[in-house]
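Colleague: If you read the protein sequences in the order shown, they are chains A and B. Numbering-wise (this note's numbering), the first sequence opens with residue 16 and increments by one. Numbering-wise (this note's numbering), the second sequence opens with residue 16 and increments by one. I have a structure here, written as structure tokens, and I will follow up with some questions on it.
There are 2 protein chains.
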Amino acid sequence: MTDTTSTITDTSEAGLDRVMAAAEAAAPVFGGLRPAERAAMLRRAAAELDAAADELVPIAMAESHLPEARCRGELARTTFQLRLFAETVEEGSYLEAAIDTADPDWGMGPRPDVRRMLVPLGPVVVFGASNFPFAFSTAGGDTASALAAGCPVVVKAHPGHPRLARRTGEVVAKALGDAGAPEGVFAVVFGQETGRRAVLHPRTAAVGFTGSIPGGRALHDLAASRPRPIPFYGELGSLNPVFVTRAALAARGDAVLSGYADSFTLGSGQFCTKPGVLLVPEGTGLEALAADVAGRAASRLLNERVTEGFETGLAELTGHRVTEVLVRGAAAEGDWTPTLLRTDAASLLEHRDVLLEECFGPTSLVVTYTDEEQLVEVAGALEGQLTATVQAEDGDAVAARLLAVLTEKAGRVLWNGWPTGVSVTHAMTHGGPYPATTSVLHTSVGTTAIRRFLRPVTYQSVPQPLLPEALRDDNPLGLPRRVNGAPEAG
Amino acid sequence: MTDTTSTITDTSEAGLDRVMAAAEAAAPVFGGLRPAERAAMLRRAAAELDAAADELVPIAMAESHLPEARCRGELARTTFQLRLFAETVEEGSYLEAAIDTADPDWGMGPRPDVRRMLVPLGPVVVFGASNFPFAFSTAGGDTASALAAGCPVVVKAHPGHPRLARRTGEVVAKALGDAGAPEGVFAVVFGQETGRRAVLHPRTAAVGFTGSIPGGRALHDLAASRPRPIPFYGELGSLNPVFVTRAALAARGDAVLSGYADSFTLGSGQFCTKPGVLLVPEGTGLEALAADVAGRAASRLLNERVTEGFETGLAELTGHRVTEVLVRGAAAEGDWTPTLLRTDAASLLEHRDVLLEECFGPTSLVVTYTDEEQLVEVAGALEGQLTATVQAEDGDAVAARLLAVLTEKAGRVLWNGWPTGVSVTHAMTHGGPYPATTSVLHTSVGTTAIRRFLRPVTYQSVPQPLLPEALRDDNPLGLPRRVNGAPEAG
Numbered sequence: 016m017t018d019t020t021s022t023i024t025d026t027s028e029a030g031l032d033r034v035m036a037a038a039e040a041a042a043p044v045f046g047g048l049r050p051a052e053r054a055a056m057l058r059r060a061a062a063e064l065d066a067a068a069d070e071l072v073p074i075a076m077a078e079s080h081l082p083e084a085r086c087r088g089e090l091a092r093t094t095f096q097l098r099l100f101a102e103t104v105e106e107g108s109y110l111e112a113a114i115d116t117a118d119p120d121w122g123m124g125p126r127p128d129v130r131r132m133l134v135p136l137g138p139v140v141v142f143g144a145s146n147f148p149f150a151f152s153t154a155g156g157d158t159a160s161a162l163a164a165g166c167p168v169v170v171k172a173h174p175g176h177p178r179l180a181r182r183t184g185e186v187v188a189k190a191l192g193d194a195g196a197p198e199g200v201f202a203v204v205f206g207q208e209t210g211r212r213a214v215l216h217p218r219t220a221a222v223g224f225t226g227s228i229p230g231g232r233a234l235h236d237l238a239a240s241r242p243r244p245i246p247f248y249g250e251l252g253s254l255n256p257v258f259v260t261r262a263a264l265a266a267r268g269d270a271v272l273s274g275y276a277d278s279f280t281l282g283s284g285q286f287c288t289k290p291g292v293l294l295v296p297e298g299t300g301l302e303a304l305a306a307d308v309a310g311r312a313a314s315r316l317l318n319e320r321v322t323e324g325f326e327t328g329l330a331e332l333t334g335h336r337v338t339e340v341l342v343r344g345a346a347a348e349g350d351w352t353p354t355l356l357r358t359d360a361a362s363l364l365e366h367r368d369v370l371l372e373e374c375f376g377p378t379s380l381v382v383t384y385t386d387e388e389q390l391v392e393v394a395g396a397l398e399g400q401l402t403a404t405v406q407a408e409d410g411d412a413v414a415a416r417l418l419a420v421l422t423e424k425a426g427r428v429l430w431n432g433w434p435t436g437v438s439v440t441h442a443m444t445h446g447g448p449y450p451a452t453t454s455v456l457h458t459s460v461g462t463t464a465i466r467r468f469l470r471p472v473t474y475q476s477v478p479q480p481l482l483p484e485a486l487r488d489d490n491p492l493g494l495p496r497r498v499n500g501a502p503e504a505g
Numbered sequence: 016m017t018d019t020t021s022t023i024t025d026t027s028e029a030g031l032d033r034v035m036a037a038a039e040a041a042a043p044v045f046g047g048l049r050p051a052e053r054a055a056m057l058r059r060a061a062a063e064l065d066a067a068a069d070e071l072v073p074i075a076m077a078e079s080h081l082p083e084a085r086c087r088g089e090l091a092r093t094t095f096q097l098r099l100f101a102e103t104v105e106e107g108s109y110l111e112a113a114i115d116t117a118d119p120d121w122g123m124g125p126r127p128d129v130r131r132m133l134v135p136l137g138p139v140v141v142f143g144a145s146n147f148p149f150a151f152s153t154a155g156g157d158t159a160s161a162l163a164a165g166c167p168v169v170v171k172a173h174p175g176h177p178r179l180a181r182r183t184g185e186v187v188a189k190a191l192g193d194a195g196a197p198e199g200v201f202a203v204v205f206g207q208e209t210g211r212r213a214v215l216h217p218r219t220a221a222v223g224f225t226g227s228i229p230g231g232r233a234l235h236d237l238a239a240s241r242p243r244p245i246p247f248y249g250e251l252g253s254l255n256p257v258f259v260t261r262a263a264l265a266a267r268g269d270a271v272l273s274g275y276a277d278s279f280t281l282g283s284g285q286f287c288t289k290p291g292v293l294l295v296p297e298g299t300g301l302e303a304l305a306a307d308v309a310g311r312a313a314s315r316l317l318n319e320r321v322t323e324g325f326e327t328g329l330a331e332l333t334g335h336r337v338t339e340v341l342v343r344g345a346a347a348e349g350d351w352t353p354t355l356l357r358t359d360a361a362s363l364l365e366h367r368d369v370l371l372e373e374c375f376g377p378t379s380l381v382v383t384y385t386d387e388e389q390l391v392e393v394a395g396a397l398e399g400q401l402t403a404t405v406q407a408e409d410g411d412a413v414a415a416r417l418l419a420v421l422t423e424k425a426g427r428v429l430w431n432g433w434p435t436g437v438s439v440t441h442a443m444t445h446g447g448p449y450p451a452t453t454s455v456l457h458t459s460v461g462t463t464a465i466r467r468f469l470r471p472v473t474y475q476s477v478p479q480p481l482l483p484e485a486l487r488d489d490n491p492l493g494l495p496r497r498v499n500g501a502p503e504a505g
């Protein structure tokens with residue numbers, strides 16, 4: 016067993032000041048590195064994290080109650096992500112380098128030579144999530160994308176896994192330093208008040224956050240209230256509804272229902288992409304689903320705070336007059352078995368303020384509809400979502416309209432799949448309208464997550480030797496660029 | 016003379032509700048058009064505005080006190096901008112279409128087929144500026160980029176040119192409608208309280224604003240306070256400092272000083288890119304500059320509110336104990352001649368809270384330095400700027416460091432030019448850290464301004480016929496796309 020008795024004290028106000036000053040001092044040096052140099056640092060961090068797996072995984076298991084295989088897989092995802100961002104940095108199109116050469120005949124009057132690229136914002140404060148202690152925490156997606164962008168990172172450690180945060184931070188900081196990164200480029204700080212101070216700190220340039228709606232909203236408001244407001248990228252909550260057509264149910268009902276049970280119970284229902292609602296036709300036989308769910312093993316939730324939030328939300332759902340409890344989950348010695356509920360579409364719409372709210376943990380709500388038109392109606396009533404899923408068959412008349420409405424509501428729209436499990440790829444979006452996120456223009460997963468930590472700068476008539484290398488005529492970095500509105504000839 | 020007696024009443028709350036409902040209803044139709052269809056609408060609006068020049072220009076002159084040549088030039092810029100966005104829409108790379116095909120061997124585990132593109136946000140509310148009644152107002156850059164993105168636009172008319180706003184709006188709305196755009200895609204509303212309501216309106220998806228720091232900040236805070244926060248793109252204030260090295264002054268002092276006088280008096284000093292501060296070596300002869308400025312003609316400011324703000328700011332500057340008045344501008348029958356002030360770099364830094372604030376109107380401050388190191392020091396003390404300019408010679412030792420610091424402070428960095436006059440191009444940035452803007456990631460001028468009104472959506476495993484055309488295998492729209500992280504082979 017790992018040691019759980021040692022306590023970690025909150026970072027002092029002076030300590031945070033020192034960390035932020037060091038991050039700011041590191042910013043121009045780190046941001047000014049060549050792509051290959053920064054990529055090498057990201058790869059070194061990945062390698063050292065992989066090498067520390069046997070030390071880190073047990074700490075993660077002890078602090079998060081997640082099983083070993085899950086922790087090892089998540090760490091692999093984390094280091095894969097760092098390496099993918101290293102590739103992104105080297106490839107260089109993320110800089111959006113563009114050159115408009117001087118043009119005396121430009122339609123609105125003579126145009127000077129203007130050259131644009133993206134530059135790093137400066138120190139980024141990252142609030143990790145409890146449910147993914149590796150991939151969405153200390154060295155997770157926000158950290159990887161901010162470092163890739165060239166921004167120093169200060170992580171506010173999640174109180175659910177402080178020892179893992181500290182140790183992960185040590186490994187990453189040492190790896191970056193060993194690879195030549197400047198002092199101050201990465202640090203971990205502790206304490207809730209420290210987190211508030213970090214959002215308000217004058218040297219902070221942006222914030223990445225993964226967590227609850229109330230917590231994220233409070234920090235969002237704080238960031239907006241600063242004398243100098245800064246971008247706040249909060250990934251908050253999502254219901255992740257799944258819409259099953261009659262035809263899909265008829266063609267593969269058993270597979271749909273067991274896939275649903277797998278998805279909503281994955282990680283004890285503690286995924287931000289957990290399907291919280293499944294819409295199926297009235298008359299769908301739910302006995303096998305209920306038996307399946309009732310037979311699932313109990314598991315410990317992440318921590319006391321998650322458990323309390325789950326118990327409160329669950330009581331509200333199970334006690335609601337329009338819900339029927341199909342499977343009543345139970346807690347034994349802190350382990351929970353999953354709960355399955357049912358209502359109908361009309362009741363869902365009538366009580367949307369309660370029933371369309373996320374309940375983080377092992378529970379989900381089956382909603383029966385009488386008319387497929389109700390699927391479109393429920394879709395239209397949704398708030399912003401990370402994901403929305405359609406289970407349908409070719410030729411389903413409702414599918415196209417459903418996809419159109421869900422495109423307006425969600426960052427990711429799935430067909431005949433399950434929302435849990437977000438692949439880290441170039442074309443991924445893990446985002447969406449509020450309250451899925453506080454910043455609808457962006458994703459927190461996938462290579463385009465880097466865009467959150469960059470801003471455009473244009474150089475007008477600056478001589479070649481004084482231009483950043485990315486914008487010089489001879490393109491010494493070999494970047495993909497646009498010249499006068501079109502891709503530059505190789 | 017044009018009729019200035021007719022009054023325009025504020026839009027009622029119910030009237031705004033109707034406009035916003037119509038905009039929301041138009042959003043999916045307008046956003047779902049093919050690129051060529053939306054481009055044709057933008058071109059039709061440009062053509063009809065050009066055709067209405069002889070009607071619109073006199074209204075603009077009467078309401079803004081700007082001369083005819085300036086108004087005609089600005090209208091030409093406005094319609095050029097609409098046509099450039101039409102090209103941008105047709106070219107299609109702004110959609111950032113990306114396809115990652117399914118990959119069972121993907122490094123973090125099997126990857127499904129995921130396809131990403133940008134989609135319009137929904138209805139955008141635009142607050143135009145008074146100082147550019149065409150190019151930054153009703154049919155200006157915010158409107159053009161939002162329409163190009165596929166978003167309906169509701170313009171809150173600037174009170175400085177209500178009749179021009181109304182008539183411009185009529186021309187644009189009719190042109191869009193004649194070209195086949197859905198009802199509700201463009202409207203103009205009136206009244207300050209209407210503007211506040213529009214920012215808070217549940218159907219509003221984003222706001223574009225050009226104006227003062229206090230006004231913009233108040234609306235920014237309102238947008239952030241909504242139950243569903245929305246992006247607020249405010250372009251607020253800027254000092255636009257110009258740093259002149261000893262060598263530049265020695266080599267071409269006369270040209271630098273007369274260029275400065277031209278730039279800061281352009282449009283009666285009512286450009287957001289007006290150089291408010293010019294740093295020159297101590298001992299620089301300022302007599303010719305003072306004579307030049309003193310000889311400049313008087314001109315009427317935009318409106319009563321601008322005049323009042325200018326008088327207050329000017330009194331603060333001229334009455335400050337560390338400033339010397341080189342040329343005292345005077346008002347005669349409402350027309351102002353320019354004011355020129357002087358101080359030294361140490362005093363500027365000591366009283367930066369007053370002296371580094373924008374004073375909108377015909378005045379500027381010459382700052383003398385004893386040591387070129389003070390240029391870097393002043394640059395480091397700046398808040399966010401739209402522009403920063405270096406006047407220097409090849410081989411100037413301070414230039415590289417100055418450019419590096421200014422890159423952190425400004426959206427556009429100029430070399431041996433003047434900041435007034437912002438070309439509309441692909442690589443332009445008209446933006447910068449707060450308070451230059453409230454949204455440091457973006458520009459309000461240039462084709463990338465479209466990015467402000469788009470959000471990413473990813474489709475996972477969606478069958479070909481149900482995918483948006485932009486993401487289908489056969490690429491029916493002929494878009495530039497990225498496939499598996501690299502540009503798609505043509």
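Backbone N, C-alpha and C fix where the C-beta goes; we use that ideal spot for every residue, glycine too. No experiment lies behind these values; they were computed from the predicted model shown.
Put residue 171/B into one of helix, strand or coil per three-state DSSP.
Modeller: Here residue 171/B refers to the residue found at position 156 of the second sequence. Correct three-state label for residue 171/B: strand.
Colleague: Counting only beta-carbon atoms, is residue 275/B nearer than 7 Å to chain C?
Modeller: Structure shown: chain C not included; protein chains present are A and B.
Colleague: Between the region 434-455 of chain B and chain A, which residues of the former have a C-beta closer than 9 Å to a C-beta of the latter?
Modeller: Cβ contacts with chain A: 434, 436, 438, 439, 440, 441, 442, 443, 444, 445, 446, 447, 448, 449, 450, 453, 454 and 455.
Colleague: From residue 296/B to residue 150/B, what distance separates their C-alpha atoms?
Modeller: Along the second sequence, one-based indexing puts residue 296/B at 281. Along the second sequence, one-based indexing puts residue 150/B at 135. The alpha-carbon atoms of residue 296/B and residue 150/B are separated by roughly 37 Å.
Colleague: CB residue 459/A to CB residue 441/A, shorter than 7 Å?
Modeller: Along the first sequence, one-based indexing puts residue 459/A at 444. Along the first sequence, one-based indexing puts residue 441/A at 426. Not in contact: residue 459/A and residue 441/A (Cβ atoms no closer than 7 Å).
Colleague: Would you say residue 160/B faces chain A, with C-beta separation under 7 Å as the test?
Modeller: The sequence position of residue 160/B within the second sequence is 145, counting from 1. With 7 Å as the cut-off, residue 160/B does not count as an interface residue toward chain A.
Colleague: I'd like to know whether the C-beta atoms of residue 44/B and residue 472/B end up nearer to each other than 7 Å.
Modeller: Position 29 of the second sequence holds residue 44/B. Position 457 of the second sequence holds residue 472/B. Cβ atoms of residue 44/B and residue 472/B: not closer than 7 Å.
Colleague: Closer than 7 Å by C-beta to residue 488/A: which residues in its own chain qualify, once you throw out the five before and the five after it? Chain order, please.
Modeller: For the purposes of this step, residue 488/A is identified with residue 473 of the first sequence, where counting begins at 1. Result list for residue 488/A: 479, in chain order.
Colleague: For the alpha helix (DSSP H) that residue 355/B lies in, which residues bound it at each end?
Modeller: What you label residue 355/B is simply residue 340 of the second sequence in a count that begins at 1. Premise fails: residue 355/B lies in the beta strand (DSSP E), 354-359, not in any alpha helix (DSSP H).
Colleague: Note down, in chain order, every chain A residue with its Cβ under 7 Å from the Cβ of residue 284/B.
Modeller: One-based indexing of the second sequence puts residue 284/B at position 269. By Cβ distance, chain A contributes nothing, its closest Cβ being about 21 Å from residue 284/B, past 7 Å.
Colleague: Let me make sure I understand the geometry here. Which of 186/B, 130/B and 52/B has the alpha-carbon closest to that of residue 70/B?
Modeller: As a position in the second sequence, residue 70/B is number 55, starting the count at 1. Comparing Cα positions, the closest option is 186/B.
Colleague: So is residue 368/A buried or exposed if we call it buried at 16+ other beta carbons inside 10 Å?
Modeller: For the purposes of this step, residue 368/A is identified with residue 353 of the first sequence, where counting begins at 1. The residue in question, residue 368/A, is exposed, as its Cβ has fewer than 16 Cβ neighbours within 10 Å.
Colleague: I'd like the span of the alpha helix (DSSP H) that includes residue 87/A, first residue to last.
Modeller: Residue numbering aside, residue 87/A sits at position 72 when the first sequence is read from its first letter. Residues 83-106.
Colleague: So residue 428/A contacts chain B; which residues on that side make the cut at Cβ distance below 8 Å?
Modeller: Mapped onto the first sequence, residue 428/A falls at position 413. The contacting residues are 472, 473, 474, 475 and 477.
Colleague: Identify each residue in the region 409-421 of chain B for which the Cβ-Cβ distance to at least one residue of chain A is less than 8 Å, and report them in chain order.
Modeller: Listed by position along the chain: 409, 414, 415, 418 and 419.
Colleague: Is residue 401/A helix, strand or coil by DSSP?
Modeller: The residue labelled residue 401/A in the question sits at position 386 within the first sequence. The answer is strand: DSSP assigns residue 401/A an E or B state.
Colleague: As a quick exercise: from 309/B, 486/B and 447/B, pick the residue whose alpha carbon is nearest that of residue 280/B.
Modeller: Along the second sequence, one-based indexing puts residue 280/B at 265. The candidate whose alpha carbon is nearest that of residue 280/B is 309/B.
Colleague: What does residue 473/B pair with, by DSSP beta-bridge criteria?
Modeller: Here residue 473/B refers to the residue found at position 458 of the second sequence. 427/A and 131/B, per the DSSP bridge assignment.
Colleague: Could you tell me whether the Cβ of residue 20/A comes closer than 7 Å to any Cβ of chain B?
Modeller: Along the first sequence, read from residue 1 onward, the residue named residue 20/A stands at position 5. For residue 20/A, the pLDDT reaches just 48, beneath the cut-off of 50, and the residue's location in the model is therefore unreliable, leaving the point undetermined.
Colleague: Would you mind working out which of 465/A, 94/A and 453/A sits nearest residue 190/A, comparing C-alpha positions?
Modeller: Working through the first sequence from its first residue, we reach residue 190/A at position 175. For the residues 465/A, 94/A and 453/A, the minimum Cα distance to residue 190/A belongs to 94/A.
Colleague: Measuring only the C-alpha atoms, how far is residue 503/B from residue 180/B?
Modeller: Here residue 503/B refers to the residue found at position 488 when the second sequence is read from its first residue. Here residue 180/B refers to the residue found at position 165 when the second sequence is read from its first residue. Taking the straight line joining both Cα atoms gives about 44 Å.
Colleague: How many whole angstroms separate the CB atoms of residue 141/B and residue 104/B, which I take to be in contact at a CB cut-off of 8 Å?
Modeller: The sequence position of residue 141/B within the second sequence is 126, counting from 1. The sequence position of residue 104/B within the second sequence is 89, counting from 1. Wrong, their Cβ atoms sit about 18 Å apart, outside the cutoff.
Colleague: So residue 394/B and residue 363/B are in contact, right, with Cβ under 8 Å, and what is the actual spacing, rounded?
Modeller: If you number the second sequence from 1, residue 394/B lands on position 379. If you number the second sequence from 1, residue 363/B lands on position 348. Residue 394/B to residue 363/B, Cβ: 12 Å. No contact.
Colleague: Residues of the region 201-222 of chain B with a CB closer than 9 Å to any CB of chain A: list them in chain order, please.
Modeller: Within the region 201-222 of chain B, the residues whose Cβ lies closer than 9 Å to some Cβ of chain A are 220 and 221, listed in chain order.
Colleague: Quick one: what's got a C-beta closer than 8 Å to residue 336/B's C-beta in the same chain, skipping five residues either side?
Modeller: For the purposes of this step, residue 336/B is identified with residue 321 of the second sequence, where counting begins at 1. There are no such residues.
Colleague: Note down, in chain order, all residues in the region 109-127 of chain B with a beta-carbon under 8 Å from any beta-carbon belonging to chain A.
Modeller: Hits within the stretch, in order: 111, 113, 114, 115, 121, 122, 123, 124, 126 and 127.
Colleague: Chain B partners of residue 226/A, CB-CB under 7 Å?
Modeller: Locating residue 226/A in the first sequence gives position 211, counting from the first residue. Chain B residues near residue 226/A: none, gap ~16 Å exceeds 7 Å.
Colleague: Could you check whether residue 79/A and residue 316/A sit closer than 7 Å to each other, using their CB atoms as the reference points?
Modeller: Taking the first residue of the first sequence as 1, we reach residue 316/A at position 301. Taking the first residue of the first sequence as 1, we reach residue 79/A at position 64. Result no, Cβ atoms of residue 316/A and residue 79/A do not sit closer than 7 Å.
Colleague: With a 10 Å radius around its C-beta and 16 neighbouring C-beta atoms as the bar for buried, classify residue 412/A as buried or exposed.
Modeller: Numbered from its first residue, the first sequence carries residue 412/A at position 397. Answer is exposed; the Cβ neighbour count stays below 16.
Colleague: For residue 18/A and residue 87/A, what's the separation of their Cα atoms in angstroms?
Modeller: Position 3 of the first sequence, counted from the start, is the residue given in the question as residue 18/A. Position 72 of the first sequence, counted from the start, is the residue given in the question as residue 87/A. Because the pLDDT at residue 18/A is just 48, under 50, the model does not fix this residue reliably, and the value given afterwards should be weighed accordingly. Spanning the two alpha carbons is a distance of roughly 20 Å.
Colleague: Establish whether the CB of residue 130/B and some CB of chain A are separated by less than 7 Å.
Modeller: Against the second sequence, residue 130/B aligns to sequence position 115. Cβ-Cβ to chain A under 7 Å: yes for residue 130/B.
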